[in-house]
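Taking it in order: structure first as structure tokens, then the write-up.
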Amino acid sequence: MASKSKILWGGIALVVVAAAVVAGPRLMDRQGGNKSDGIAATAGGPPVLRRLTQAQYKHAIADIFGNDIKIGGRFDPDIRESGLIEVGAGKASVPESGLEQYGKMARTVAAQVFDKQHRDSLIDCKPASVTAPDDKCAAQFLSQVGRLLYRRLPTQDELGPLILASAEATKIVGNFYAGLEIALSSMLQAPQFLFDWEVPQKGPSGKTLDAYSKAARLSFFLWDTAPDDELLTAAQHGDLDTPKGIAGQVDRLLASPRLETGVRAYFADMLGFDGFDNLAKDPAIYPKYSFGLAIDAQEQTLRTITDHLLTRNGDYRDLFTTRNSFLSRPLGAVYGIPVPKDAPGATPDGWQPYVFPAGDPRSGILMQISFLALHSHPGRTSPTLRGKALRETILCQKVPDPPGNVNFNLVQDTKNPLYKTVRQRLSAHATAPTCVGCHKMMDPIGLALENFDSIGTYRAGENEAAIDASGEIDGVKFNDADGLGKAVHDHPATSACLVNRLYAYSVGRTPTKSETEWLRSDLMSGFVADGYRLQPLMRRIATSDVFFRVVSPDSEAKPVRSASAQGVGQ
């Protein structure tokens, strides 16, 4: 039987390749057209081919087959580009090791779909005989699930080899469900599922995405998952070819509780929370740090963000000054705040709302453990790392990498009797001509957070010396971390960065030059007029013609990669 299984899996691999080849003309058409398409020069960008992120893969599997389906296997690391994994997904490929892992995940998922616990609820039809092929039932199931996995109606050229493979496997193993399981596993490894393919088509005002590509772009942007049945039906019936139809679906997606998943996905990407996967702290210095604390730190920030932006419909800039947050018991131990299990408003999993009182040194998400711990060294703080992270993550300002020959010994010497605080050590280090320029960009920001150690615990001094938390950002001076939060709140690049990053996230690439002009004028002015609120901004993006407009990859609409401290387009 083992040898037969190898033959079956090898045959299925050929089926996948054959399906891709048969679909080739359609897939190749996704690469765009030529310069004579009549696209308006005001905005637009090339279609993208994006590998699903780890989160999108998991969300799609859960939505299609159920939250209890386990995924066995290991994902290749996501790629971050221009500050976002969602943009890096357009550069991600699948190496041989990744193919093996996708195969393992596919087989694990397919086995659960067809086990006795799930198959009656997930498969609408019944075979005439469990021990013999049933092409009609197989075609019905594969067509239905293929529509959800491929995010469009599968073609007969794609379904035919799968139905045939299912029948041949059933003959060998003598079980209809086992044969169909192998066909489903093949679909789960297919490029049509693993990648988001975008198809251009002619529209009234030029080239735009086809209806199914629009559905996928909307769903991955707003929900971080594949389109649901209603959105696919809207695409199939032509509703997404009209502004009214698009607006109706966008409003439905925005009104859904699943919008929270999409918002959490964006901010987890923007804030670089994947960095926690490899974050370590010296246990001798920070015994309270653990994997569980890292999970709670991310959750605190995401709860703060979604509560402020979705539940309260608040001003985005207030995230950097708000005192409203949420705590778990592990977080309370680091913050020095008791978190009783039976506190008013506590959730069954132990979370409770908390308001940091006036005068407390913490306000805004920059003073939460997620930012402070992620941008520190294992055994000490780093104003340079924190300042760099704020510049690049919150303000979209690129900070040059340090020269390769920089000597960090003085900065790392935390026991130096002459330079007891980080401020003193950095001042001595940054006198080198090759260092002073960049450190002026980062250190005056990060030093405002020096009252918080490498895992975010408050401290008044270092090595028995008082900490000076004063600082400056682009000419605005402040005395402490609270002042930093207010300065970031008022900085024009803070809101401009969100507009730029959110749009790049929504389309899966850096904005083109013409799109940048639109971002700076129309989208930014609308964001200001809406009180810097997130949901109206998301709606403006998703209902705009620019969001779906496509230009040829070799046109003059090149991605913008330069950085600007004040505007959009970095």
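Just so you know, we're using the working numbering here: the sequence shown kicks off at 529 and counts up by one. A virtual CB, placed ideally from N, CA and C, is assigned to each residue, including glycine.
Three-state secondary structure assigned by DSSP to residue i
i     : result
T829  : helix
W1046 : helix
E992  : coil
T636  : helix
T1040 : strand
D662  : coil
N1028 : helix
Y844  : helix
G984  : coil
L855  : strand
D724  : strand
Y882  : strand
L681  : coil
R1077 : strand
L469  : Since the first residue shown for the chain is 529 and the last is 1098, residue 469 is missing from the structure and cannot be characterised.
F642  : coil
R579  : strand
G734  : strand
Q925  : coil
L799  : coil
E609  : strand
G573  : strand
For residue j and residue i, the rounded distance between their alpha carbons
i     : j     : result
A861  : D971  : 29 Å
W879  : L855  : 6 Å
R578  : S784  : 25 Å
L712  : Y740  : 21 Å
A660  : H587  : 34 Å
A551  : D685  : Annotation note: pLDDT 38 at A551 (below 50); position unreliable, coordinate value reported separately. The straight-line gap from Cα to Cα measures roughly 7 Å.
M895  : A812  : 23 Å
L690  : A666  : 9 Å
A874  : T1071 : 38 Å
K654  : L918  : 57 Å
A994  : E788  : 42 Å
D767  : D835  : 32 Å
L847  : Q1063 : 15 Å
R890  : E1000 : 18 Å
I833  : Q764  : 35 Å
A656  : D662  : 7 Å
Q672  : L781  : 22 Å
L977  : P574  : 41 Å
A1057 : D779  : 19 Å
L677  : F801  : 27 Å
Q925  : R987  : 29 Å
A547  : T683  : With a pLDDT of only 39 at A547, under the threshold of 50, the placement of this residue in the model should not be trusted, and no figure is reported.
K730  : I597  : 40 Å
A620  : A871  : 46 Å
Reference residue i; option with closest CA among the options
i     : options                     : result
D757  : A697, T789, L681 and H646   : L681
R679  : K619, A693, K742 and V701   : K742
V622  : D604, T636, G611 and M633   : D604
P885  : L847, N852, Q777 and K1014  : N852
Y1031 : L1051, Q672 and D870        : L1051
V641  : D591, D662 and R857         : D591
D805  : V791, F795 and A822         : A822
D996  : G1003, G984, V1004 and F980 : F980
E1045 : A796, R987, Y1060 and A1024 : A1024
L716  : D1010, L580, T761 and A1009 : L580
L838  : T912, R1061 and Y585        : R1061
D877  : Q828, A693, G984 and K644   : Q828
E990  : L975, D769, M1066 and L1047 : L975
G611  : A695, E992 and K916         : K916
Supposed contact pair residue j and residue i - C-beta distance, whole angstroms, cut 8 Å
i     : j    : result
A706  : A697 : 7 Å
R1110 : T736 : Only positions 529 to 1098 of the chain appear in this structure, which leaves residue 1110 out of reach.
H903  : R914 : 5 Å
V576  : R857 : Not quite, the Cβ-Cβ distance comes to about 43 Å (not below 8 Å), so this is no contact.
T850  : I922 : That belief does not hold up - the Cβ atoms of T850 and I922 are roughly 15 Å apart, past 8 Å.
F669  : V637 : Rounded, the Cβ-Cβ distance is 15 Å, inconsistent with contact.
Boundaries of the alpha helix (DSSP H) in which residue i is found, first to last residue
i     : result
S898  : I897 to L902
Q1063 : L1062 to A1070
L746  : A739 to L750
L913  : P911 to A917
L708  : F704 to Q717
L768  : First-last for L768: undefined, no H or E at that position.
A1057 : M1052 to A1057
G616  : I613 to G616
R890  : First-last for R890: undefined, no H or E at that position.
Terminal residues of the beta strand (DSSP E) in which residue i lies
i     : result
E1000 : G999 to I1001
F1006 : V1004 to F1006
Any chain B beta carbon closer than 8 Å to residue i
i     : result
R1067 : Absent from the structure: chain B. Only one protein chain is present.
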